[in-house]
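>
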Amino acid sequence: MIRASSPTSGLRTRRALPDGLEARPASVPRPATPRVTATAVRPGPTAGRRYDGRVSTNPTTTPGTGETTFGPTGRPVRQFAVPEELDGHGPARIIALCNQKGGVGKTTTSINLGAALAEYGRKVLAVDFDPQGALSAGLGVRTHDIPTVYDLLMGSIKDPNQVIQPTNTPYLDVIPANIDLSAAEVHLVNEVAREQILASVLRKVANDYDVILVDCQPSLGLLTVNALTAAHGVLIPLECEFFALRGVALLIETIDKVRDRLNPALTLDGILATMYDSRTLHSREVMERVVDTFDDRVLDTVIGRTVKFPDATVSARPITQTAPDHAAAHAYRQLARELVERGAVA
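Structure (structure tokens):
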């Protein structure tokens, strides 16, 4: 069972989860007939340009009525200010994108959040930590004949700069991965301080970036523990689907153990609802359960379901470039702004 909320750990929830989340928790009173709108409200830049507008952090009101507009979370829709430009870069804050269930939007979020932060002038390093190599492919990096994160973990390459690859997005680099990474857990199991290996790799380049995003594989094995040990914070993409919701308790328990035993500074940066479809009762009910259980740990930004994401994957570019004015691109820009406002990113 998950313990009560702690102001320091950032990893506790407001209420214990029922067994497998099968029983629905009591609902928090909600405003009558909320008006659901898109979570991003401002057009974005063209590819490679910085998004330099300014927006209010006050709740949105419906023009002509003065009524507060409510988003999918049941909260008033907020508009987050575009972050100020930085005077310099580094040291990076490391964020692990983690969920042991596959297909919840970890890689999509790693790519598009990284691209959105890069638009705001943040230097971003994306680390592909999944043997499937989807992050690398999604950023247009072919990995069959180049050094990868596996070489860094095994120590055959000492300098991460020999592995880091540029992408088509300014300010966004990647440490690629391929199927070789699947053998890493077997090789590392007998290593001294095996949980600390990724942390030692990333320390060498942390001063060159503002944020490092680690795209974890869908498991809670040694590689994921390495990512959690290296990270300052965890971002949990959570598909708005019942079976995705059931595994969150186990994930939180794993994060707690890593914080208690290996990384006392580890915090939960937020739970990001993904693949939300307001047309289905199921999505709305799952969203309500998530907010009821995790309260303000659930981010205001919600990522909707759209065919634009597969289109962007095929083109090997972020959606902020392939469809810069689409609601999904705006949503990832809003996610970047929200994380900056929460202090998860400089």
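Under this note's numbering, the residues of the sequence shown are numbered 770 to 1115, in order.
Glycine included, every Cβ here is placed at the ideal spot set by N, Cα and C.
Predicted, not measured: the structure shown is a model, and the values here were computed from it.
Please look up how many angstroms separate the CB atoms of P921 and L982, rounded, as I've assumed it's under 8 Å.
Numbered from its first residue, the sequence shown carries residue 921 at position 152. Numbered from its first residue, the sequence shown carries residue 982 at position 213. Residue identity check: residue 921 is Leu in the sequence provided, not Pro. At roughly 16 Å, the Cβ-Cβ gap does not stay under 8 Å, so L921 and L982 are not in contact.
> CB of V1055 to nearest heavy atom of the ligand GDP: below 8 Å?
No copy of the ligand GDP appears in this structure; indeed no ligand is present at all.
> For the candidate residues M1044, L866, R1028, whose alpha-carbon lies nearest to that of K1077?
Looking up residue 1077 in the sequence shown gives position 308. Of M1044, L866, R1028, the residue nearest in Cα terms is M1044.
> Would the segment 903-913 and the segment 933-945 be scored as touching if the rule is three or more Cβ pairs under 8 Å?
Contact between the segment 903-913 and the segment 933-945 is present, because at least three Cβ pairs lie under 8 Å.
> Given a threshold of 16 other Cβ atoms within 10 Å of its Cβ, counted over all protein chains shown, does A1034 qualify as buried or as exposed?
For the purposes of this step, residue 1034 is identified with residue 265 of the sequence shown, where counting begins at 1. Flag for A1034 reads exposed.
> L971: which of R1111, R847, A861 sits nearest, CA to CA?
Residue numbering aside, residue 971 sits at position 202 when the sequence shown is read from its first letter. Of R1111, R847, A861, the residue nearest in Cα terms is A861.
> As a quick exercise: from T838, P841, G843, G857, pick the residue whose alpha carbon is nearest that of A1115.
Within the sequence shown, residue 1115 is the residue found at index 346, counting from 1. It is G857.
> If we count the other Cβ atoms within 10 Å of its Cβ and call it buried at 16 or more, is P1093 buried or exposed?
By one-based count along the sequence shown, residue 1093 stands at place 324. The residue is buried, with at least 16 neighbouring Cβ atoms inside 10 Å.
> Mind pulling the alpha helix (DSSP H) runs of 4 or more residues that sit fully within the segment 827-888?
Counting only runs of 4 or more, we get 875-888.
> Where Q1103 and G843 are concerned, what is the direct C-alpha to C-alpha distance, given to the nearest angstrom?
Position 334 of the sequence shown, counting from 1, holds the residue named residue 1103. Position 74 of the sequence shown, counting from 1, holds the residue named residue 843. Cα-Cα distance, rounded: 17 Å.
> Tell me which residue opens and which closes the beta strand (DSSP E) that T1070 is part of.
Taking the first residue of the sequence shown as position 1, residue 1070 is located at position 301. Residues 1067-1073.
> Which of the three DSSP states is assigned to G890 in this structure?
Taking the sequence shown and counting its residues from 1, one reaches residue 890 at position 121. Residue state, collapsed to three classes: coil.
> If you check the beta carbons only, do L1014 and L1041 fall under 9 Å apart?
Your numbering for residue 1014 matches position 245 in the sequence shown. Your numbering for residue 1041 matches position 272 in the sequence shown. The answer is no: Cβ separation not under 9 Å.
> Classify V958 as helix, strand or coil using the three-state DSSP reduction.
For this step, residue 958 is matched to residue 189 along the sequence shown. Coil, per DSSP.
> Who are the Cβ neighbours of D897 in its own chain at under 7 Å, not counting the five residues just before and after it?
Stepping through the sequence shown from its first residue, residue 897 is reached at position 128. Result list for D897: L904, S905, V918, V943, I944, P945, A946, D984, in chain order.
> In the DSSP output, which residue or residues are listed as bridge partners for Q934?
Here residue 934 is taken as the residue at index 165 of the sequence shown, counted from 1. DSSP, once it has assigned bridges, lists V943 as partnering Q934.
> Pick out whichever of A1085, D1061, A1098 has its Cα sitting closest to the Cα of R1074.
Indexing the sequence shown from 1 puts residue 1074 at position 305. Closest option to R1074, Cα to Cα, is A1098.
> What do you reckon, are the CB atoms on G859 and A975 nearer than 9 Å?
Position 90 of the sequence shown, counted from the start, is the residue given in the question as residue 859. Position 206 of the sequence shown, counted from the start, is the residue given in the question as residue 975. Contact: yes.
> Would you mind listing the beta strand (DSSP E) stretches within the segment 978-1060 that are 3+ residues and don't spill past its ends, in chain order?
Runs found: 980-985, 1002-1008, 1036-1045.
> Can you tell me which of R1111, A884, G872 puts its alpha carbon nearest to the alpha carbon of P1087?
Counted from its first residue, the sequence shown places residue 1087 at position 318. Of the candidates R1111, A884, G872, the one whose C-alpha sits nearest the C-alpha of P1087 is A884.
> What do you reckon, are the CB atoms on P1006 and I1072 nearer than 9 Å?
Working through the sequence shown from its first residue, we reach residue 1006 at position 237. Working through the sequence shown from its first residue, we reach residue 1072 at position 303. Cβ atoms of P1006 and I1072: closer than 9 Å.
> From L950 to P900, what does the alpha carbon distance come to, in whole angstroms?
Locating residue 950 in the sequence shown gives position 181, counting from the first residue. Locating residue 900 in the sequence shown gives position 131, counting from the first residue. Using only the alpha carbons, I get a separation of about 5 Å.
> Measure the Cβ-Cβ separation of K892 and D977 and say whether it is below 9 Å.
Residue mapping note: residue 892 aligns to position 123 of the sequence shown, counting from 1. Residue mapping note: residue 977 aligns to position 208 of the sequence shown, counting from 1. In contact: K892 and D977 (Cβ atoms closer than 9 Å).
> With respect to the alpha helix (DSSP H) encompassing R972, which residues constitute its N-terminal and C-terminal limits?
Taking the sequence shown and counting its residues from 1, one reaches residue 972 at position 203. R972 -> alpha helix (DSSP H) spans 966-972.
> With respect to the alpha helix (DSSP H) encompassing G907, which residues constitute its N-terminal and C-terminal limits?
Taking the sequence shown and counting its residues from 1, the one referred to as residue 907 is at position 138. Run containing G907: 903-907, per the alpha helix (DSSP H) assignment.
> Under a three-way DSSP split, which group does A1113 fall into?
Looking up residue 1113 in the sequence shown gives position 344. DSSP places A1113 in coil when its eight states are reduced to three.
> R1066 to V1060, Cα distance in whole Å?
Here residue 1066 is taken as the residue at index 297 of the sequence shown, counted from 1. Here residue 1060 is taken as the residue at index 291 of the sequence shown, counted from 1. C-alpha separation (whole angstroms): 8 Å.
> Just to confirm before moving on: does the CB-CB distance between D1069 and V851 stay below 9 Å?
Sequence index remark: in the sequence shown, residue 1069 carries index 300 (1-based). Sequence index remark: in the sequence shown, residue 851 carries index 82 (1-based). In this structure, V851 does not lie closer than 9 Å to D1069 by Cβ.
> Let me confirm a value: P1079 is counted as buried when at least 16 other C-beta atoms fall within 10 Å, else exposed. Which label applies?
Position 310 of the sequence shown holds residue 1079. Answer is exposed; the Cβ neighbour count stays below 16.
> Going by CA-CA distance only, name the one from R1111, V873, P929, G872 that's closest to G1002.
Numbered from its first residue, the sequence shown carries residue 1002 at position 233. Answer by Cα proximity: R1111.
> State yes or no: is the C-beta of L991 within less than 9 Å of the C-beta of A953?
Looking up residue 991 in the sequence shown gives position 222. Looking up residue 953 in the sequence shown gives position 184. Yes.
> Using the C-alpha atoms, what's the distance from A1100 back to K927?
As a working note, residue 927 is residue 158 in the sequence shown. As a working note, residue 1100 is residue 331 in the sequence shown. In a straight line, the C-alpha of K927 is about 37 Å away from that of A1100.
> What does a CB cutoff of less than 6 Å around L894 pick up in its chain, not counting 5 residues either side in sequence?
Within the sequence shown, the letter at position 125 stands for residue 894. Around L894: D942, Y978, I981.
> When DSSP labels each residue in this structure, what does V896 get in the three-state scheme?
Reading the sequence shown from its first residue, position 127 is the one you call residue 896. Strand at V896.
> Whether or not the segment 955-967 and the segment 872-879 are in contact is what I'm after, with contact meaning three or more pairs of Cβ atoms, one per stretch, closer than 8 Å; do they touch?
Because the criterion of three Cβ pairs below 8 Å is not met, the segment 872-879 and the segment 955-967 do not touch.
> Quick check on V918: does DSSP put it in helix, strand or coil?
Numbered from 1 along the sequence shown, position 149 holds the residue referred to as residue 918. Three-state result, V918: helix.
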